[in-house]
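The structure appears right after this line, and notes come after that.
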Amino acid sequence: MRQTELMARRIRQGIADRAIGYIRASTERQQLGPEAQRAELAQWARAHNVTLLEVHEDSLSGGTELEARPGLLAALA
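Residue 56 in the numbering used here sits at position 43 of the sequence shown, with consecutive numbering throughout.
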């Protein structure tokens, strides 16, 4: 399942018309780097008639503590 499909499942249909995006790439082996993730987010937003207000990014390991993830913290705020 694509990442954008997972995101779509988290949004209740008919309620969200605006979204904050979050992307993360931890290694060079990551199949979907930051640029590709941004493109996927933009495509998803257009397909679902959602305005993407901001996109926050972290380049770190998935095991990194929440407090050390400035992009995620900004997206949640």
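Note that CB positions come from ideal geometry on N, CA and C, so glycine has one too.
For the pair Tyr35 and His69, the CB atoms are nearer than the 8 Å cut-off. Of the other Cβ atoms in all chains shown, fewer than 16 fall within 10 Å of the Cβ of Leu45; this residue is therefore exposed. Unbroken beta strand (DSSP E) runs of no fewer than 3 residues, entirely contained in the segment 49–83, are found at 64–71, following chain order.
Leaving aside the five residues that flank Leu73 on each side, the residues in its chain whose CB is nearer than 8 Å to its CB run, in chain order, Arg37, Ser39, Ala81 and Arg82. The beta carbon of Ala58 sits closer than 6 Å to the beta carbons of Leu65 from its chain, once the five residues preceding and following it are set aside; these are given in chain order. Cα atoms of Gln56 and Leu86: separation of roughly 24 Å, rounded to the nearest angstrom. When the alpha-carbon of Arg31 is set against those of Glu78, Val63 and Ala49, the nearest one is in Val63.
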